[in-house]
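Enquirer:
Number of protein chains: 2
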Amino acid sequence: MAGHEILVGQIDPASDRAVFRQIADHLREAIEGGRLSPGDKLPSEAALMQHYNVARMTVRHAMQELQGEGLAVAEHGRGVFVRSRPPVKRLASDRFARRHRKEGKAAFIAESEVVGAKASVDMIDVREGSPLPEIAERLKVRADEAVVIRSRRYSLDGRPVELATSYIPADLALGTRIMDANPGPGGIYARLEEQGRTLDRFTEDVFTRMPTREEARLLLLAPGVPVFRLIRTAYDLDGRSVEVCDTIMSGDAYQLSYELPAH
Amino acid sequence: MAGHEILVGQIDPASDRAVFRQIADHLREAIEGGRLSPGDKLPSEAALMQHYNVARMTVRHAMQELQGEGLAVAEHGRGVFVRSRPPVKRLASDRFARRHRKEGKAAFIAESEVVGAKASVDMIDVREGSPLPEIAERLKVRADEAVVIRSRRYSLDGRPVELATSYIPADLALGTRIMDANPGPGGIYARLEEQGRTLDRFTEDVFTRMPTREEARLLLLAPGVPVFRLIRTAYDLDGRSVEVCDTIMSGDAYQLSYELPAH
DNA sequence: TGTTAGTAGTCGTCTGGACGAGTTGAGGAG
DNA sequence: CTCCTCAACTCGTCCAGACGACTACTAACA
Chain A
1 MAGHEILVGQ IDPASDRAVF RQIADHLREA IEGGRLSPGD KLPSEAALMQ HYNVARMTVR
61 HAMQELQGEG LAVAEHGRGV FVRSRPPVKR LASDRFARRH RKEGKAAFIA ESEVVGAKAS
121 VDMIDVREGS PLPEIAERLK VRADEAVVIR SRRYSLDGRP VELATSYIPA DLALGTRIMD
181 ANPGPGGIYA RLEEQGRTLD RFTEDVFTRM PTREEARLLL LAPGVPVFRL IRTAYDLDGR
241 SVEVCDTIMS GDAYQLSYEL PAH
Chain B
1 MAGHEILVGQ IDPASDRAVF RQIADHLREA IEGGRLSPGD KLPSEAALMQ HYNVARMTVR
61 HAMQELQGEG LAVAEHGRGV FVRSRPPVKR LASDRFARRH RKEGKAAFIA ESEVVGAKAS
121 VDMIDVREGS PLPEIAERLK VRADEAVVIR SRRYSLDGRP VELATSYIPA DLALGTRIMD
181 ANPGPGGIYA RLEEQGRTLD RFTEDVFTRM PTREEARLLL LAPGVPVFRL IRTAYDLDGR
241 SVEVCDTIMS GDAYQLSYEL PAH
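Note that the protein sequences, when read in sequence, are chains A and B.
The first sequence runs contiguously to residue 263 in the numbering used here.
The second sequence runs contiguously to residue 263 in the numbering used here.
1) Against chain B, does residue 258 (chain A) count as a neighbour if the rule is that its beta carbon must be under 7 Å from one of theirs?
2) Have a look at residue 4 (chain B) and residue 51 (chain B) and give me their C-alpha separation to the nearest angstrom.
3) Could you tell me which uninterrupted beta strand (DSSP E) segments, each at least 3 residues in length, are contained entirely in the segment 187–226 of chain A, listed from first to last along the chain?
4) Could I get the ranges of all uninterrupted alpha helix (DSSP H) runs contained in the segment 6–89 of chain A, with 4 residues as the minimum, in chain order?
5) Is there at least one Cβ from chain A nearer than 7 Å to residue 96 (chain B)'s Cβ?
6) For residue 211 (chain A) versus residue 67 (chain A), is the C-beta spacing smaller than 7 Å?
7) From residue 228 (chain B) to residue 46 (chain A), what does the alpha carbon distance come to, in whole angstroms?
8) Compare the Cα-Cα distances from residue 161 (chain A) to each of A:140, A:247 and A:19 and report the closest residue.
9) For the putative contact between residue 269 (chain A) and residue 82 (chain A), defined by C-beta atoms under 8 Å, what is the C-beta separation to the nearest angstrom?
10) Using a Cβ-Cβ distance cut-off of 7 Å, determine whether residue 202 (chain A) contacts chain B.
11) So, using beta-carbon positions, are residue 150 (chain A) and residue 122 (chain A) closer together than 7 Å?
12) What does residue 16 (chain B) touch in chain A if you count any residue whose Cβ is under 8 Å from its own?
13) Measure the C-alpha to C-alpha separation of residue 172 (chain B) and residue 259 (chain A) and round it to an integer number of angstroms.
14) Pair every Cβ in the segment 55–75 of chain A with every Cβ in the segment 23–33 of chain A, then say whether three or more of these pairs are closer than 8 Å.
15) Do residue 230 (chain A) and residue 204 (chain A) count as a contact pair if the criterion is CB distance below 7 Å?
16) Identify each residue in the segment 230–253 of chain B for which the Cβ-Cβ distance to at least one residue of chain A is less than 7 Å, and report them in chain order.
17) Among B:158, B:198, B:135 and B:147, which has the Cα closest to the Cα of residue 179 (chain B)?
18) Determine the burial state of residue 261 (chain A): buried for a count of at least 16 other Cβ atoms within 10 Å of its Cβ, exposed for fewer.
19) Tell me, please, which residues DSSP counts as bridged to residue 159 (chain A).
20) List the residues of chain A whose Cβ lies closer than 9 Å to the Cβ of residue 205 (chain B), in chain order.
21) Comparing alpha-carbon positions, which option in B:14, B:12 and B:79 lies nearest residue 43 (chain B)?
22) Can you check DSSP and say which residues form a bridge with residue 134 (chain B)?
23) Using a Cβ-Cβ distance under 7 Å, would residue 58 (chain A) count as near chain B?
24) Starting from the C-beta of residue 49 (chain B), find all residues in its chain whose C-beta is less than 6 Å away, skip the five residues before and the five after it, and write them out in chain order.
25) What is the DSSP secondary structure of residue 174 (chain A), reduced to helix, strand or coil?
26) Helix, strand or coil: how does DSSP classify residue 141 (chain A) here?
27) What number of angstroms, rounded off, separates the C-alpha of residue 109 (chain B) from the C-alpha of residue 221 (chain B)?
28) Out of B:226, B:241, B:12 and B:196, point me to the one whose CA is closest to residue 71 (chain B)'s CA.
29) Using three-state DSSP, classify residue 262 (chain B) as helix, strand or coil.
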């Protein structure tokens, strides 16, 4: 066994930096310096214990630091590996161009074609219910007013990337294909425009935070990966809110792109 | 000592859910259910050890889970507290309206006035150097070409919220006030327009990830708080890139707002 | 009155050990 | 040759204890 040549670091006992942080530093430098590539296996806990002559908890603490930063992922029974960054996807500003709806494409499908990925949707659920206060405010309805709630999960090439929940005022949705799991070509925006609610503009409010456990589970998120929360409000030509969409997006799968005029 | 009434949970030894996760679940429910409010102190490690009859490491592990989720913050020597969400700041779409520059206001200053916060800038550094490849690509310069690099830190009411680094082609910056720590009224965009490079549009690419240690230090980020990385490119009427700004923003201090036409 | 030293309570770090559970690969049974 | 068993290796969880450092409060002191 030649051992791991990447383990060149030594603990500085005189340093006031905690030992587990020094170990994490060494490994982090190995990753960022390219001596360890995405997918590579880090030295096992046992190897690090021996190399640095420390207790196992100390090594584990260092490993957890790296996992918390999203640099590494542990796999039970196999080892700890350098995280590989999947290719990012791009959200164009013309995402909601009417042209796409005219072609019968929903935004997510049109977008995924650009990057050559296979888009799919599952966990579709349509029901009536009450919106959260922050949703009700944007939709300009009372919080105790019933609205139609459409939730679904989007995946690219089988990998879940986005959880979306749309809220539509009941009078615009009831009795239309918006209540169907599959709302038809062009998605629900096409159905709204068929009712004469011509879409005029959208606002998007973007937040970032760590996922809840439920979100991490549904999006198969590795530890240390934050999510985008994007709340989009769609307005028609009369300035009425016709839909609010609350979306949780895997932070490592998305890059949001916007174009702003200097006006 | 009446003890903590919030500690109603008991460990289920039959459950296959790890003990430290069960403890974290109890505390999480207490926080999310409102029995513990932002700023409240969680039971001490000693209290939890006694209540659940477990070892200290088990309790600490539970606490770290909550801190990793951003729900709680430990303060050395004081206790662990429920995180209080500071008021969010809003990035309007008219952030770069020429009107603001005409009034001699830089974007950050104009914006902070809206929320009634006192804006300040420090750690200003101006130098010449080479851009990162992803910056060079946006700026349409070679990666080995010298550009002017302006970095600074923005704070609101004394709290650091944003680290920004601007890259400007050398021929547009050298010999102008852009090289000064204080570039004058209206900021560097006003200086660029004075040279006849009228700004036409901006693109913004938004990413989210966990902060590096350096970023966490400079932004005083609590554990479990992700950051936005926003790369803005400014174009003039000729379509030339006149500036690329790479910004790291505290994820819990910002809400990004965009307006999109349906065109 | 104002300051200082002490003390109790709290979290941070580290040791050394124990057992459980998932993964892998080699060697043996068929 | 195929399949299965099993041992070795790996990470996950938990215990019991030790010392250090920071905070807040109190009591003694100047």
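All residues carry an ideal CB built from backbone N, CA and C; glycine is no exception.
Expert: By the coordinates alone:
1) yes
2) Model confidence at residue 4 (chain B) stands at a pLDDT of 48, short of 50, so the residue's coordinates are unreliable and nothing is read from them.
3) 199–209
4) 19–32, 45–52 and 56–68
5) Yes, residue 96 (chain B) counts as interfacial toward chain A.
6) no
7) 36 Å
8) A:247
9) An answer regarding residue 269 (chain A) cannot be provided, because it is not within the stretch 1 to 263 covered by chain A.
10) Output row for residue 202 (chain A): interface = yes.
11) no
12) Going along chain A, no residue has its Cβ under 8 Å from residue 16 (chain B), so there is no contact; the nearest lies around 14 Å.
13) 23 Å
14) Segments in contact, yes.
15) Taking C-beta atoms as the reference points, residue 204 (chain A) and residue 230 (chain A) count as a pair closer than 7 Å.
16) Those would be 251, in chain order.
17) B:147
18) It counts as exposed.
19) A:156
20) 90, 255, 256, 257 and 258
21) B:79
22) According to DSSP, residue 134 (chain B) bridges with nothing at all.
23) no
24) 56 and 59
25) Reduced to three states, the DSSP call for residue 174 (chain A) is coil.
26) coil
27) 22 Å
28) Nearest neighbour of residue 71 (chain B) by Cα position, chosen from B:226, B:241, B:12 and B:196, turns out to be B:226.
29) Coil at residue 262 (chain B), not helix or strand.
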